[in-house]
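Add 31 to a position in the sequence shown, counting from 1, and you land on the number used in this note's numbering. We treat Cβ as the ideally placed atom computed from N, Cα and C, and that holds for glycine. Being a predicted model, the structure only gives us computed values, none of them experimental.
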Amino acid sequence: MAVQRRRFLRLAASAAALAALSRIAWAQAYPSRPVRIVTPQAPGSANDSLARIIGQWLSERLGQPFVIDNRPGGGNSIGTEVVVRAPADGYTLLLCSISNAVNATLYDKLNYNFIRDIAPVAGIIRGPYVMVVNPSVPAKSVPEFIAYAKANPRKLNMASSGTGTGGHIASELFMMMAGIDMVHVPYRGGWFNDLLGGQVQVMFAGTVGAIELVNAGRLRALAVTTATRSDALPDIPTVGEFVPGYEASTWFGLGAPKATPADIVERLNKEINAGLADPKIKARLADLGGDVLALSPLEFGKFIADETEKWGKVIRAIKPE
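Quick look at the structure:
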């Protein structure tokens with residue numbers, strides 16, 4: 032019996048070792064075919080630009096194309112559900128953002144639970160929104176804008192890239208704290224044409240999409256939304272300098288369907304964080320007005336949970352009963 036037991040233990044140990052080697056080999060072989068990064072915004076958007084930067088880096092590092100699949104609409108929920116329903120094999124990834132944290136409370140009925148159904152892979156970037164106005168708006172500072180909006184209730188149209196997106200909720204928080212009322216105009220893409228044309232007058236835009244228009248003088252930046260000024264726009268004050276306690280930031284990262292093998296997640300995280308440490312990638316992200324968000328999968332999961340709780344409080348405060 033003792034001999035049989037020892038033989039069984041040796042066989043069990045060998046099987047466990049083979050299984051571990053098999054998982055390692057699988058992770059090392061990944062990817063063996065193109066990988067899809069689902070981006071829940073239109074081509075040319077801030078999300079799209081970031082996805083292409085990271086996708087190109089991963090393609091070069093891992094030897095397979097990382098293809099961008101744009102799925103706009105539903106405040107990011109359409110693209111997110113595509114990934115939730117995809118096989119958990121590492122070949123479908125999600126460019127996730129603050130919108131995913133917001134949607135968890137904003138929508139009563141989603142066909143998924145973001146925290147439960149999406150595995151955090153890696154953070155990418157974090158940065159401010161920029162409060163931008165069409166030059167026709169006769170306000171050159173946040174206090175002047177607040178005074179103008181109070182004198183003209185619901186006469187200003189406030190654009191966003193969709194209901195429930197980070198810029199939308201950042202602007203709702205601003206309205207709530209500043210005591211003003213504007214008309215929300217959600218877009219699925221192409222908001223900048225109407226903002227430049229004056230059909231909408233104000234937007235809390237991601238720095239990625241707004242910085243070139245601000246630098247070219249086509250839009251006027253009144254403030255950034257982070258607690259401290261942005262290195263990309265050092266002369267622009269923060270909203271909090273005029274509305275005490277106000278703070279909002281946009282962020283992006285990669286997620287995968289739940290049950291995606293941990294070895295695949297860890298390999299993607301390692302390669303993405305290597306990119307975030309690369310001077311060329313860091314410079315490209317800095318040009319877009321953001322700071323790298325290099326986190327482990329566990330840290331990124333906690334970050335998402337904290338953001339979901341924070342914005343949940345805002346949504347419950349402004350959401351009608």
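In whole angstroms, give me the CA-to-CA distance for Phe235 and Tyr218. Cα-Cα distance, rounded: 13 angstroms.
Consult DSSP for Val168 and reduce its assignment to one of helix, strand or coil. Val168 sits in coil when the DSSP states are folded into three classes, being neither helix nor strand.
Please report the straight-line C-alpha distance between Asn1 and Leu329, rounded to a whole angstrom. Nothing about residue 1 can be read from this structure; the chain reaches only from 32 to 352.
Below 8 angstroms on the Cβ atoms is my guess for Arg67 versus Thr123; work out the distance and round it to an integer in Å. Cβ atoms of Arg67 and Thr123 come within 8 angstroms of each other, at about 5 angstroms.
Using only the alpha-carbon positions, how far apart do Gly284 and Leu126 sit? Distance between the alpha carbons of Gly284 and Leu126 is about 6 angstroms.
I'd like the span of the alpha helix (DSSP H) that includes Ile85, first residue to last. Its alpha helix (DSSP H) spans residues 77-93.
What does DSSP give as the partner residues of Met234 in its beta bridges? DSSP lists Val163, Ala190 as partners of Met234.
Range covered by the beta strand (DSSP E) that runs through Gly286: It spans 281-288 - the beta strand (DSSP E) in which Gly286 sits, taken as one unbroken run.
Beta-carbon within less than 8 angstroms of Lys313's beta-carbon, same chain only, minus the 5 sequence neighbours each way: which residues are those? Cβ neighbours of Lys313 within its own chain (closer than 8 angstroms, five residues either side excluded): Leu307, Val323.
Between Val98 and the rest of its own chain, which residues show a CB-CB distance below 6 angstroms, the 5 nearest in sequence each way excluded? Scanning its chain for C-beta atoms nearer than 6 angstroms, with the 5 sequence neighbours on each side dropped, one finds around Val98 the residues Pro65, Arg67, in chain order.
Where does the unbroken beta strand (DSSP E) through Phe97 begin, and where does it stop? Element bounds for Phe97: 97-101.
Counting pairs of beta carbons, one from the region 173-184 and one from the region 106-121, are three or more of them closer than 8 angstroms? Three or more Cβ pairs closer than 8 angstroms define a contact, and the region 173-184 falls short of that threshold against the region 106-121.
Kindly indicate which three-state DSSP category Gly104 falls into: helix, strand or coil? DSSP, read as helix, strand or coil, puts Gly104 in coil.
Per DSSP, which one or two residues make a beta bridge with Arg251? In the DSSP assignment, Arg251 is bridged to Val164.
What would DSSP say about Leu126, mapped onto helix, strand or coil? Correct three-state label for Leu126: strand.
Residues near Gly343 in its chain [Cβ-Cβ closer than 6 angstroms; skip 5 each side]: Correct list, in chain order: Thr136.
How far does the alpha helix (DSSP H) with Val173 in it reach, from first residue to last? For Val173, the enclosing alpha helix (DSSP H) covers residues 173-182.
Just grab the DSSP bridge partners of Val66 for me. Phe97, per the DSSP bridge assignment.
Let me check understanding here. Comparing Cα to Cα, which of Gly237, Ile200, Met206 lies closest to Gly75? Measuring from the Cα of Gly75, the nearest candidate turns out to be Gly237.
Could you give the residue range of the alpha helix (DSSP H) that holds Ala348? Looking at the DSSP string, the run of the alpha helix (DSSP H) that includes Ala348 is 328-349.
Rounded separation between Ala201 and Ala60 - CA only: If I take the Cα positions, the gap works out to 42 angstroms.
Identity of the residue in Asp225, Ala119, Gly158 nearest Asn188 by Cα: Of the listed residues, the one whose Cα sits closest to Asn188 is Asp225.
Classify Ile156 as helix, strand or coil using the three-state DSSP reduction. Three-state DSSP puts Ile156 in a strand.
List the endpoints of the continuous alpha helix (DSSP H) containing Pro310. Pro310 -> alpha helix (DSSP H) spans 310-318.
Which class does Trp57 belong to by DSSP, given the choice of helix, strand or coil? At Trp57 the pLDDT is 48, less than 50, meaning the model places this residue with poor confidence and gives no usable figure here.
Distance between Ala190 and Val233 (C-alpha atoms, nearest Å): Their Cα atoms are separated by approximately 6 angstroms.
Identify which residue in Asp266, Ala241, Glu302, Leu141 has its Cα closest to the Cα of Ser192. The residue with the shortest Cα to Cα distance from Ser192 is Ala241.
For Thr269, which three-state DSSP category applies? Here Thr269 sits in strand by DSSP.
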